[in-house]
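Quick notes on the structure that follows.
There are 2 protein chains.
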Amino acid sequence: MITIRDVARESRCSPTTVSIVLNNAPLANYIPQETKSRIKQVAEELGYQPNLFARSLRSNRSHTIGVIVYDISDPYSTQILRGIENSLYEIGYLPILADIQNSDSRFRNYLNILLQRRVEGLILFSNPFYIDVDKEFERVPEKRKVPTVLIGRESRLDTFSSVVVNNEEGGRMAIQHLYALGHRKIAFVKGPEIFLDSRQRWKGIATFAKESGLVIDPELVVELKQPSASYEEGYRLTQQLLERGHSFTGLVAFDDMTAYGAIRALKTAGLEVPRDCSVTGFDDTSGAAFYNPPLTTVRQPMETLGTLSVGILAEAIQASLQQKVSSRVQRVVAPELVVRDSTAPV
Amino acid sequence: MITIRDVARESRCSPTTVSIVLNNAPLANYIPQETKSRIKQVAEELGYQPNLFARSLRSNRSHTIGVIVYDISDPYSTQILRGIENSLYEIGYLPILADIQNSDSRFRNYLNILLQRRVEGLILFSNPFYIDVDKEFERVPEKRKVPTVLIGRESRLDTFSSVVVNNEEGGRMAIQHLYALGHRKIAFVKGPEIFLDSRQRWKGIATFAKESGLVIDPELVVELKQPSASYEEGYRLTQQLLERGHSFTGLVAFDDMTAYGAIRALKTAGLEVPRDCSVTGFDDTSGAAFYNPPLTTVRQPMETLGTLSVGILAEAIQASLQQKVSSRVQRVVAPELVVRDSTAPV
DNA sequence: TCCCGAAGTTCGATTTAAATG
DNA sequence: GCATTTAAATCGAACTTCGGG
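This is the structure we're talking about:
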């Protein structure tokens with residue numbers, strides 16, 4: 005492998021000079037153009053590539069970001085990843101991916117591993133409620149801490165930044181859409197009360213109902229128990245709704261997966277979507293556009309979530325390089341209603 | 005940060021000894037148990053963590069694998085990733101993720117970046133035909149080459165290992181399933197002829213037809229053009245099939261996405277799946293089980309594909325550490341028919 | 001000679017402090 | 001003192017070689 009010494013020898017100067025020139029360090033101003041171009045040419049000819057291990061050892065930087073996702077196979081994760089990956093690429097960073105698979109022991113392990121690898125920042129995806137991220141972080145020694153962004157959930161600790169979608173606004177969009185289509189008897193498959201997102205979305209719904217005078221029939225409201233199996237739960241709960249016998253023409257599901265379960269349950273009961281019942285989802289995960297019928301849903305701008313996270317990290321890293329303290333940033337992005345074929349006028 | 009010197013000072017011996025003890029190097033046999041435990045205890049107390057940059061510089065190893073996917077938002081990728089990630093975790097490696105987004109310039113860039121970061125191996129996902137992986141690799145200097153596995157496609161170069169599913173067998177499974185259900189008038193949405201997978205799947209279909217005496221009506225065979233937009237193409241081609249007026253009771257789609265498009269087109273034309281027409285997919289991507297109706301499909305064991313790739317890399321890395329030359333490995337794994345609700349007897 | 005331990009070198013790039021004409 | 005250039009120290013771990021008892 006070609007080292008800086010080889011380049012130095014070949015261009016008849018010292019490694020120091022080569023380093024200064026190739027990195028365009030401040031001292032490069034004092035070096036005549038002629039020497040510079042000679043060195044650059046030699047480096048080019050020899051195919052010199054600096055050894056990043058040596059550079060990292062010296063600079064104590066890895067140009068690497070740790071990305072911890074709770075379930076890589078969840079389409080919600082992948083679109084955010086796309087945004088992260090793209091933005092990192094632009095600033096010369098690379099993501100190290102850790103899929104914790106909903107396991108808190110894996111979370112702990114990965115956290116240690118990534119910190120030991122000296123990632124310069126961390127991005128954590130909103131995770132199952134049973135992993136207490138805040139607590140896990142408290143045991144990390146102050147010295148090792150790096151800028152961290154939480155996507156999709158807010159943190160108690162003021163060391164975390166966060167990027168979330170405006171869930172309340174999103175909930176409102178869903179119900180408002182059905183209301184505008186003339187639906188008045190609307191059923192709800194709520195998210196688990198334990199999730200902040202669920203409570204916020206519900207708040208948006210309740211607020212709109214109050215404002216518009218829409219009456220929400222308690223018999224038409226059911227709640228997901230398990231956060232993980234939302235398709236099956238969506239299916240089961242919708243069956244329950246149907247059995248209760250209170251008719252409805254619209255259904256607001258907690259997320260896309262739940263909506264799929266609901267649509268399937270309606271279909272199985274002989275009801276057509278949207279002819280007999282309109283259904284809305286939440287997220288706009290990649291399958292929503294291809295569903296049968298294509299799903300009307302509230303889109304989370306996932307790529308944007310990823311991009312924003314990287315931006316926050318980049319600034320924090322920059323700040324810490326200049327010995328500055330960066331305070332945490334909390335960003336709330338607007339959702340967007342995507343109307344497809346699963347909703348129709350009454 | 006605590007260094008090996010700190011541990012040495014605190015335990016009243018030299019850095020050498022500390023290094024030997026903590027790494028359990030061969031020389032550790034000559035060191036009395038008492039010294040060992042003293043050192044270990046001090047290391048523990050001080051919270052010593054070896055600096056991986058220094059270690060990497062010395063050993064020239066990164067314990068890192070580059071994973072190049074052509075489109076992270078494709079569910080096909082994510083399930084394989086899960087398998088990769090899991091296996092790497094077990095052998096103490098970490099994946100660096102590169103999403104090339106179907107762009108060949110990004111591919112080239114990432115290849116360089118990853119090699120410069122000294123990944124110890126590479127996993128490439130089968131990619132759009134317009135990226136000639138073989139060619140890109142030929143320009144990589146011999147010195148920099150690392151063990152490489154191609155998933156989902158075979159390579160001309162004998163430096164690549166590969167892991168693929170048995171496509172011919174899979175094609176056979178799909179048609180055989182419909183045949184067994186009594187279908188005789190079957191339509192086909194083939195994959196692009198340019199893909200090896202497409203040709204292999206078709207071969208499986210053709211062979212079965214010949215063996216069983218099934219007649220394939222050329223008017224009921226259409227072919228995808230664009231590899232990327234298979235939902236839209238599946239939709240459009242199925243409409244074409246319907247317009248031709250040759251009736252059919254079953255449809256074999258190239259992959260799940262195509263099947264979704266086909267189902268949607270049938271539905272739009274007023275046909276129910278599976279009542280009026282059975283449809284099969286290929287891949288068993290994560291949405292297939294939740295589709296409306298849940299899709300009968302030929303599963304690629306994606307996690308296994310990932311796991312096997314890592315296994316191949318691990319062996320190749322091990323071999324090269326012992327100065328051995330490892331030859332390329334080609335593995336073909338069996339697909340599996342997953343019967344759900346999109347197919348039914350005639 | 002055997003056991004135990006340490007001094008010194010190496011990995012490759014960067015940076016400080018200093019030397020040349 | 002100025003414009004150029006460089007020797008030497010540094011980053012932290014690991015390995016080679018050597019010495020004392």
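Note that the protein sequences, when read in sequence, are chains A and B.
For the first sequence, the numbering used here assigns the number 5 to the initial residue and increments by one for each residue that follows.
For the second sequence, the numbering used here assigns the number 5 to the initial residue and increments by one for each residue that follows.
Note that the Cβ used here is the ideal one computed from N, Cα and C, for glycine as well.
Which residues, in order along the stretch 218–242 of chain A, keep a beta-carbon less than 9 Å from a beta-carbon of chain B?
Y235
On the DSSP bridge list, what partners appear for G125 of chain A?
Taking the first sequence and counting its residues from 1, the one referred to as residue 125 of chain A is at position 121. Answer by DSSP bridge pairing, in chain order: A:I69.
Within 10 Å of its beta-carbon, does R303 of chain B have 16 or more other beta-carbons around it, so buried, or fewer, so exposed?
Walking along the second sequence from the start, residue 303 of chain B turns up at place 299. With 16 or more Cβ atoms within 10 Å of its Cβ, R303 of chain B is classed as buried.
Using the C-alpha atoms, what's the distance from S60 of chain B back to I8 of chain B?
Start at 1 with the first residue of the second sequence, and residue 8 of chain B comes out as number 4. Start at 1 with the first residue of the second sequence, and residue 60 of chain B comes out as number 56. Each residue's alpha carbon lies about 15 Å from the other.
How about V350 of chain A: is its C-beta nearer than 9 Å to some C-beta of chain B?
What you label residue 350 of chain A is simply residue 346 of the first sequence in a count that begins at 1. It does not; no Cβ of chain B falls within 9 Å.
Here's a check: name, in chain order, each residue in its chain whose Cβ is nearer than 8 Å to the Cβ of T82 of chain A, leaving out the five neighbours to either side.
Translated into positions along the first sequence, residue 82 of chain A becomes position 78. Hits under 8 Å: I76, S290.
Could you confirm whether any beta carbon from chain A is found closer than 9 Å to the beta carbon of F199 of chain B?
Along the second sequence, read from residue 1 onward, the residue named residue 199 of chain B stands at position 195. No - not a single Cβ of chain A is within 9 Å of the one on F199 of chain B.
Taking just the CA atoms, how far does I209 of chain B sit from L241 of chain B?
As a first step, residue 241 of chain B is located in the second sequence; it is residue number 237 there, counting from the start. As a first step, residue 209 of chain B is located in the second sequence; it is residue number 205 there, counting from the start. Going by the C-alpha atoms only, they are around 19 Å apart.
Roughly how many angstroms lie between the CA atoms of L191 of chain B and P79 of chain B, to the nearest whole one?
What you label residue 191 of chain B is simply residue 187 of the second sequence in a count that begins at 1. What you label residue 79 of chain B is simply residue 75 of the second sequence in a count that begins at 1. One point to set straight first is that residue 191 of chain B is Ala, not Leu, in the sequence displayed. Approximately 26 Å, taken between the alpha carbons.
Coarse secondary structure for A29 of chain B, derived from DSSP in three states:
Your numbering for residue 29 of chain B matches position 25 in the second sequence. DSSP places A29 of chain B in coil when its eight states are reduced to three.
Return the first residue and the last residue of the beta strand (DSSP E) that K214 of chain B is part of.
On the second sequence, position 210 is the one that residue 214 of chain B refers to. K214 of chain B -> not in any beta strand (DSSP E); alpha helix (DSSP H) instead, spanning 200–216.
Mind checking if Q304 of chain B is an interface residue toward chain A, Cβ cutoff 9 Å exclusive?
What you label residue 304 of chain B is simply residue 300 of the second sequence in a count that begins at 1. Not an interface residue.
Could you pull out every unbroken beta strand (DSSP E) segment of at least 3 residues lying fully inside the stretch 216–264 of chain A, listed in chain order?
225–227, 254–257
Can you list, in chain order, the residues of the stretch 77–105 of chain B whose Cβ is nearer than 7 Å to any Cβ on chain A?
S77, P79, T82, Q83, L85, R86, E89, L98, P99, I100, L101, D103
How about R121 of chain A and T163 of chain A: do their beta carbons lie closer than 9 Å?
As a first step, residue 121 of chain A must be located in the first sequence, where it is residue number 117. As a first step, residue 163 of chain A must be located in the first sequence, where it is residue number 159. Contact flag unset, no.
With burial defined as no fewer than 16 other Cβ atoms inside 10 Å of the residue's Cβ, what is the status of N33 of chain B: buried or exposed?
Within the second sequence, residue 33 of chain B is the residue found at index 29, counting from 1. Looking at its Cβ environment, which holds fewer than 16 other Cβ atoms inside 10 Å, N33 of chain B is exposed.
CB-CB under 8 Å to G186 of chain A, same chain, minus the five flanking residues each way: which ones, in chain order?
One-based indexing of the first sequence puts residue 186 of chain A at position 182. The residues are P349, V350.
Going along chain B, which residues have a C-beta under 8 Å from F57 of chain A?
Indexing the first sequence from 1 puts residue 57 of chain A at position 53. Residues of chain B passing the Cβ test: F57, S60, L61, N64, S66, R122.
Contacts that S324 of chain A makes with chain B (C-beta to C-beta distance below 9 Å)
In the first sequence, residue 324 of chain A corresponds to position 320, counting from 1. In chain order: nothing, as chain B lies at least about 15 Å away.
What residues of chain B sit near P145 of chain A, judged by a beta carbon separation below 7 Å?
Within the first sequence, residue 145 of chain A is the residue found at index 141, counting from 1. Correct list: G51.
Simplified DSSP state of L185 of chain A, which is helix, strand or coil
Working through the first sequence from its first residue, we reach residue 185 of chain A at position 181. Here L185 of chain A sits in coil by DSSP.
With burial defined as no fewer than 16 other Cβ atoms inside 10 Å of the residue's Cβ, what is the status of Q204 of chain B: buried or exposed?
Here residue 204 of chain B refers to the residue found at position 200 when the second sequence is read from its first residue. When all chains shown are included, Q204 of chain B counts as buried.
Under 8 Å Cβ to Cβ from R279 of chain A, same chain only, skipping five residues before and after it: list those, please.
As a first step, residue 279 of chain A is located in the first sequence; it is residue number 275 there, counting from the start. Counting only Cβ-Cβ distances below 8 Å, and skipping sequence neighbours, we find A348.
Drop a sphere of 10 angstroms on the beta-carbon of H181 of chain B, count the other beta-carbons inside from all chains shown, and report buried for 16 or more, exposed for fewer.
Within the second sequence, numbered from 1, the residue matching residue 181 of chain B stands at position 177. H181 of chain B is buried by the Cβ-count criterion.
Residues, ordered as in the chain, of the stretch 274–295 of chain A that lie near chain B by beta-carbon distance below 7 Å:
S290, G291, F294, Y295
Under 7 Å by beta carbon: chain A residues contacting K271 of chain B
One-based indexing of the second sequence puts residue 271 of chain B at position 267. Simply N296.
Given this structure, state the Cα-to-Cα distance separating N296 of chain A from S234 of chain B, to the nearest angstrom.
As a position in the first sequence, residue 296 of chain A is number 292, starting the count at 1. As a position in the second sequence, residue 234 of chain B is number 230, starting the count at 1. About 15 Å.
Run through chain A and tell me which residues come within less than 7 Å of I127 of chain B, C-beta to C-beta.
Working through the second sequence from its first residue, we reach residue 127 of chain B at position 123. Under the 7 Å cutoff, chain A gives no residues; its nearest Cβ is about 12 Å from I127 of chain B.
At a cut of 8 Å, does the stretch 14–32 of chain A reach the stretch 45–53 of chain A through at least three beta carbon pairs?
yes
Going by DSSP, what residue range makes up the alpha helix (DSSP H) through E340 of chain B?
Counted from its first residue, the second sequence places residue 340 of chain B at position 336. Unbroken run through E340 of chain B is the beta strand (DSSP E), 340–342; no alpha helix (DSSP H).
If I follow the unbroken beta strand (DSSP E) through V314 of chain A, where does it start and stop?
The sequence position of residue 314 of chain A within the first sequence is 310, counting from 1. Here V314 of chain A belongs to no beta strand (DSSP E); instead the alpha helix (DSSP H) covers 306–325.
So if I threshold CB-CB distances at 8 Å, which residues from the stretch 245–265 of chain A count as touching chain B?
M261, Y264, G265
Continuous beta strand (DSSP E) stretch holding I84 of chain B: start and end:
If you number the second sequence from 1, residue 84 of chain B lands on position 80. Unbroken run through I84 of chain B is the alpha helix (DSSP H), 79–94; no beta strand (DSSP E).
Could you tell me whether the Cβ of R112 of chain A comes closer than 9 Å to any Cβ of chain B?
The residue you call residue 112 of chain A lines up with position 108 of the first sequence. Cβ-Cβ to chain B under 9 Å: no for R112 of chain A.
Quick one: is R176 of chain A buried, meaning 16 or more other Cβ sit within 10 Å of its Cβ, or exposed?
Here residue 176 of chain A is taken as the residue at index 172 of the first sequence, counted from 1. It is buried - the Cβ of R176 of chain A has at least 16 other Cβ atoms within 10 Å.
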